[in-house]
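First residue of the sequence shown: 0, per numbering that gives the first Met the number 0; consecutive thereafter. We treat Cβ as the ideally placed atom computed from N, Cα and C, and that holds for glycine. Since the model is a prediction, treat every value here as computed from it, not as a measurement. Presented below is the structure to which this report refers.
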Amino acid sequence: MRVLFIGDVFGQPGRRVLGAHLPTLRGQADFVIVNMENAAGGFGLHREAADAALKAGVHCITLGNHAWHHKDVYVMLQDEGTYPIVRPLNYSDPGTPGVGWRTFTVKTAAGPQKLTVVNLLGRVFMEAMANPFRAMDELLERDDLGTVFVDFHAEATSEKQAMGWHLAGRVAAVIGTHTHVPTADTRILKGGTAYQTDAGFTGPHHSIIGSGIDGPIQRFLTERPHRYGVAEGGGAELNGVFVQIEGGRATGIERYRYVEEG
């Protein structure tokens, strides 16, 4: 089984490049997972973005710390048949809408295979959440998950690496999101777990992690708040990883990056 994971889709430029470029990649993967927690103007997910992603060939949508920014998401999380969305697993409230993991049947050349996608939120430099390490330990007590693929949406590199090693040999992949810059530590950990600290993002290329350049610079210069908007003009980029999985464990991982001209 070959899985394509695409990092945080940011605003309209990210949605546009995903819709334009993903169809050219679909033949290279059996299953496509995309993090879309920044898809609606840089904050959250709305129905328009979800519908466009599914039309382009996405099989599963993951979220993150901006999951609840748009009211659309509450409705979509209840419509599991239409919207294959996985929100972060480690909310302590049992009444949290949606699911933190979802199992899919993936059609491959070798026949159908079971794949479980998990979304986790980190806690270092982020809002308080339940312990993601304990949440994964509890989930992995199940024996019906098949191959497990984890999107760890977290700020700190150390926390992401710790999760990778904590799950090494127990899941097929731990891929980080949230910081929007692809890291060069792509590798396979002991026991066949593909790992990368951050997959990077899918959005405006000439930007500061997706935002227009002037706002962040002015904030650093003046030490005062400045409006951050989605960067406009120029091309967009798409970042992700391809993970090859055999028998529930990763046998290969490679970074993928596409940058539009402009």
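Item, Value
"Euclidean distance between Cα positions of ARG101 and LEU220", "44 Å"
"DSSP-derived helix/strand/coil call for ALA172", "strand"
"Enclosing beta strand (DSSP E) for GLU253 [first to last residue]", "248 to 258"
"Whole-angstrom distance between GLY234 and VAL116, CA atom to CA atom", "30 Å"
"Of the listed residues LEU166, ILE187, VAL180 and LYS70, nearest to HIS204 (C-alpha basis)", "VAL180"
"Environment of ARG86 [buried if 16+ CB atoms lie within 10 Å]", "buried"
"ILE174 versus LYS159: straight-line alpha-carbon distance, rounded", "8 Å"
"For ALA129 and PHE9, the rounded distance between their alpha carbons", "26 Å"
"Given GLY40 as reference, the closest of ALA109, LEU53, ARG15 and ILE60 once Cα atoms are compared", "ARG15"
"For ARG122, the three-state DSSP class (helix, strand or coil)", "coil"
"Segments assigned beta strand (DSSP E), at least 3 residues, entirely inside the region 89 to 161", "100 to 105, 112 to 120 and 146 to 152"
"Residue closest to GLY211, alpha-carbon to alpha-carbon, out of THR201, ARG223, GLY232 and GLY199", "GLY232"
"Under the three-state DSSP convention, the category PHE219 falls into", "helix"
"Beta-carbon separation (whole angstroms), ALA198 vs PHE4, contact threshold 8 Å", "6 Å"
"Beta-bridge pairing of ILE32 - partner residues as DSSP gives them", "PHE4 and CYS59"
"Whole-number beta carbon distance between GLU36 and GLY63, since they are thought to touch under 8 Å", "4 Å"
"Spatial neighbours of GLY43 in its chain, beta-carbon cut-off 6 Å, leaving aside the 5 residues before and after", "HIS65, HIS68 and HIS69"
"Integer Cβ distance of LEU88 from MET0, believed to fall under 8 Å", "22 Å between Cβ atoms; not a contact."
"Beta-bridge pairing of GLY202 - partner residues as DSSP gives them", "GLU236"
"When HIS177, GLY202, GLY163 and ARG25 are compared against ASP184, the one with the closest alpha-carbon", "GLY163"
"Distance between beta carbons of ALA193 and ALA172, contact taken as under 8 Å", "4 Å"
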